[in-house]
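In the numbering used here, the protein residues as written are 253 to 797. Idealized CB from N, CA, C, for every residue including glycine.
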């Protein structure tokens, strides 16, 4: 730790942060018996070997040596300092988090750069509340950080991107590139900046970012790899209506890297969207069951259901839920399967699970009401559930129709006369493929995110908003030095329609509108050319909104 990353925090403050209670206690005066001396000598030997391996650029051996050092001394500063960034680059965030938490405790809460890494690891593990607590602490002490804050801005960008506040995310990524454009994590920043543009519908600017990476990314990059970039290019092509080009790109990725599950996932989706369910199923089944992600199991279940292989569809839905048991979309689709098989009690349980995990998911609430409508004895309950759905989506036409029809049935003389009840023939609500719009949960799955929408309380939303405000208030102090950087994208300052409701319970977004028609140029493959094209796209958005 150097003085540029050192801050002074009371011990009572940093010890209460998430994760600190799991870090082993440090002995005040370790007893120097023979066994302890042997362990410390072993640690020193492994550290020396790791340094030698680093000079020879033998990364696997470096990791092994530092891990051996850590096994001899779980609080080895040298081993922890080196292993944390290695695990983070490899996207092994559980191990990285454990290492950074130990390191933070060793530094007595003084090293802010370690705190930034802890916040980032929690975020990448979908542990948003813990991430929020650490980013909140970091943002409060942002004025004390003397080093360039590029990685901090990158993490903040990812945080707000996950919250679907794309405007702040874009500005944070741009700030990261301006501050520290030569760091090893910058390819990730360009990648996520491209994803953010894609989510906003700025497909030309997104393609500029991806094309730049394709021509400049190192073959040794853990993330993003060239295959990751090609998948995003294929997705952008799909959003522009060029499905055949997207299919060709994905087939090429699958051919060169048959184990790339995300390429198979998107390829299967394209076939599924075209009602070619058998081929979609075959694409996913080329992978071993252990390699399939939750979304791939879900997509496979839908294909099996379309092919009327109901038992196999049931098995696939449960495999998806085994990996992501809190996913409201998966529970809702499983409920529809039960409903179509006339297993109404099972359908009710599935829809209740979907509603529990996302109370704002109107499709599940509507479907639960539809199940209750199948029985005369529970139509009053159905009406209450539809009224609940109205509080979620007051302008929902289908819900309004059900309420009006039920109220008429309940008050009609026909029903009062005791004649037989005929349940209505209702079509339940599910995610429907739309040729012009990829479902947001598929786009999340391509990035390795769980599609589950995270729900924040009003107080938590307020804390989230404060992070950007606190950091922005300090950004001007370093703006002067950042101006000397000649390689930076222009930050888009325009209003973004997709961020009006930043913290929606289900953060879906419309990726269908391509408002950008700027021409690609060969210079886009250089950093300066790409940033010029980003600037051009920003000007076009000023006119289009």
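Below 9 Å between beta carbons: does that hold for residue 512 and residue 485? Indexing the chain shown from 1 puts residue 512 at position 260. Indexing the chain shown from 1 puts residue 485 at position 233. Not closer than 9 Å, so no.
For residue 677, does the three-state DSSP call read helix, strand or coil? Here residue 677 refers to the residue found at position 425 of the chain shown. It is coil, neither helix nor strand.
CB residue 311 to CB residue 338, shorter than 9 Å? Along the chain shown, read from residue 1 onward, the residue named residue 311 stands at position 59. Along the chain shown, read from residue 1 onward, the residue named residue 338 stands at position 86. The Cβ atoms of residue 311 and residue 338 sit closer than 9 Å to each other.
Comparing C-alpha positions only, which one of 592, 595, 579 sits nearest to residue 608? Numbered from its first residue, the chain shown carries residue 608 at position 356. Of the candidates 592, 595, 579, the residue whose Cα lies closest to the Cα of residue 608 is 579.
Where residue 363 falls: helix, strand or coil (DSSP): As a working mapping, residue 363 is identified with position 111 in the chain shown. Collapsing the DSSP output to three states places residue 363 in a strand.
Below 8 Å, how does it come out for the segment 452-459 and the segment 487-495: are there three or more Cβ pairs, yes or no? The segment 452-459 is in contact with the segment 487-495.
So, with DSSP's three-state summary, where would you put residue 540? Start at 1 with the first residue of the chain shown, and residue 540 comes out as number 288. For residue 540, the secondary structure class from DSSP, reduced to helix, strand or coil, is coil.
Since I believe residue 421 is in contact with residue 412 (beta carbons under 8 Å), could you give me their beta-carbon distance rounded to a whole number of angstroms? Here residue 412 refers to the residue found at position 160 of the chain shown. Here residue 421 refers to the residue found at position 169 of the chain shown. Here residue 412 really is in contact with residue 421; their C-beta atoms are around 4 Å apart, less than 8 Å.
At the level of alpha carbons, what is the spacing between residue 333 and residue 298? One-based indexing of the chain shown puts residue 333 at position 81. One-based indexing of the chain shown puts residue 298 at position 46. So the two alpha carbons sit approximately 14 Å from each other.
Can you find the residues in the same chain that come closer than 6 Å, C-beta to C-beta, to residue 335, ignoring five residues on each side of it along the sequence? The count along the chain shown starts at 1 and reaches residue 335 at position 83. So the qualifying residues of the chain are 318, 351.
Under the rule that 16 or more other beta-carbon atoms within 10 Å means buried, what is residue 758, buried or exposed? For the purposes of this step, residue 758 is taken as residue 506 along the chain shown, with counting starting at 1. The predicted model places residue 758 with a pLDDT of 36, which falls under 50 and marks its position as unreliable, so this point remains unresolved.
Confirm, please, whether the CB-CB distance from residue 596 to residue 196 is below 9 Å. The structure shown does not extend to residue 196, since the chain is modelled only from 253 through 797, so no value can be given for it.
Spatial distance of residue 469 from residue 439 (CA atoms): The count along the chain shown starts at 1 and reaches residue 469 at position 217. The count along the chain shown starts at 1 and reaches residue 439 at position 187. Approximately 7 Å, taken between the alpha carbons.
To the nearest angstrom, how far is the alpha carbon of residue 377 from that of residue 659? Against the chain shown, residue 377 aligns to sequence position 125. Against the chain shown, residue 659 aligns to sequence position 407. Here the C-alpha atom of residue 377 lies approximately 47 Å from the C-alpha atom of residue 659.
Can you say whether residue 521 is buried or exposed, counting buried as having 16 or more other CB atoms within 10 angstroms of its CB? Your numbering for residue 521 matches position 269 in the chain shown. Burial is judged here by how many other beta carbons sit within 10 angstroms of a residue's own beta carbon; residue 521 has at least 16 and is buried.
Enclosing alpha helix (DSSP H) for residue 575 [first to last residue]: Residue 575 sits at position 323 when you count from the first residue of the chain shown. Start and end: 562-575.
Would you tell me roughly how many angstroms separate the C-alpha atoms of residue 716 and residue 388, rounded to the nearest one? Residue mapping note: residue 716 aligns to position 464 of the chain shown, counting from 1. Residue mapping note: residue 388 aligns to position 136 of the chain shown, counting from 1. Residue 716 and residue 388 have their alpha carbons spaced roughly 8 Å apart.
Can you tell me whether residue 721 is helix, strand or coil according to DSSP? Reading the chain shown from its first residue, position 469 is the one you call residue 721. For residue 721, the three-state secondary structure derived from DSSP is helix.
Same chain, Cβ closer than 7 Å to residue 242, neighbours up to 5 away in sequence not counted: Residue 242 lies beyond the range of the chain shown here (253 to 797); nothing can be said about it.
With the cut-off set at 9 Å, would you say residue 720 and residue 424 are in Cβ contact? Taking the chain shown and counting its residues from 1, the one referred to as residue 720 is at position 468. Taking the chain shown and counting its residues from 1, the one referred to as residue 424 is at position 172. Against a cut-off of 9 Å, the Cβ pair of residue 424 and residue 720 comes out as a contact.
Between the alpha carbons of residue 274 and residue 301, how many angstroms are there, rounded? Numbered from its first residue, the chain shown carries residue 274 at position 22. Numbered from its first residue, the chain shown carries residue 301 at position 49. So the alpha carbons of these two residues sit roughly 30 Å apart.
Could you pull out every unbroken alpha helix (DSSP H) segment of at least 4 residues lying fully inside the segment 379-463, listed in chain order? Runs found: 380-392, 402-414, 418-431, 438-452.
Got a sec? Which residues, its chain only, sit under 6 Å from residue 306 by beta carbon, not counting five neighbours each side? As a position in the chain shown, residue 306 is number 54, starting the count at 1. Beyond the five residues adjoining it in sequence on each side, residue 306 comes within less than 6 Å, by CB distance, of 314 in the same chain, given in chain order.
Have a look at 723, 451, 545, 401 and flag the residue whose alpha-carbon is nearest the alpha-carbon of residue 414. Residue 414 sits at position 162 when you count from the first residue of the chain shown. Out of 723, 451, 545, 401, 451 has the C-alpha closest to the C-alpha of residue 414.
Alpha carbon to alpha carbon, how far is residue 487 from residue 547? The sequence position of residue 487 within the chain shown is 235, counting from 1. The sequence position of residue 547 within the chain shown is 295, counting from 1. The straight-line gap from Cα to Cα measures roughly 16 Å.
Taking the C-alpha atoms as reference points, what is the distance between residue 630 and residue 647? On the chain shown, position 378 is the one that residue 630 refers to. On the chain shown, position 395 is the one that residue 647 refers to. Near 25 Å, if we compare the C-alpha coordinates of residue 647 and residue 630.
Please name the residue in 360, 589, 568 whose C-alpha comes closest to that of residue 272. For this step, residue 272 is matched to residue 20 along the chain shown. When only C-alpha atoms are compared, the closest one is 360.
Near residue 267, which residues of its chain fall below 7 Å by C-beta distance, leaving aside the five closest residues on each side in sequence? One-based indexing of the chain shown puts residue 267 at position 15. Nothing listed; no residue qualifies.
Compute the beta-carbon to beta-carbon distance between residue 270 and residue 385, rounded to the nearest angstrom, for a pair I have assumed lies under 8 Å. Here residue 270 refers to the residue found at position 18 of the chain shown. Here residue 385 refers to the residue found at position 133 of the chain shown. That pair is a contact at about 5 Å.
What residue does the alpha helix (DSSP H) around residue 487 start on, and which one ends it? Stepping through the chain shown from its first residue, residue 487 is reached at position 235. Counting along the chain, the alpha helix (DSSP H) containing residue 487 begins and ends at 478-491.
Among 403, 655, 570, 649, nearest to residue 636 - alpha-carbon criterion: What you label residue 636 is simply residue 384 of the chain shown in a count that begins at 1. Ranking the options by Cα distance to residue 636, first place goes to 655.
Is it right to say residue 508 is buried, meaning 16 or more other beta carbons lie within 10 angstroms of its own, or is it exposed? Walking along the chain shown from the start, residue 508 turns up at place 256. Exposed: under 16 other Cβ atoms inside 10 Å.
Does any residue of chain C bring its CB to less than 9 Å from the CB of residue 608? The structure shown contains no chain C; it holds only a single protein chain.
Residue from 347, 435, 447, 592 with nearest C-alpha to residue 677: The residue labelled residue 677 in the question sits at position 425 within the chain shown. Scanning 347, 435, 447, 592 for the CA closest to the CA of residue 677 turns up 592.
Measure the CB-CB distance between residue 606 and residue 583 and report whether it falls below 9 Å. Residue numbering aside, residue 606 sits at position 354 when the chain shown is read from its first letter. Residue numbering aside, residue 583 sits at position 331 when the chain shown is read from its first letter. Contact: yes.
Classify residue 619 as buried or exposed, calling it buried when 16 or more other Cβ atoms lie within 10 Å of its own Cβ. The sequence position of residue 619 within the chain shown is 367, counting from 1. It is buried - the Cβ of residue 619 has at least 16 other Cβ atoms within 10 Å.
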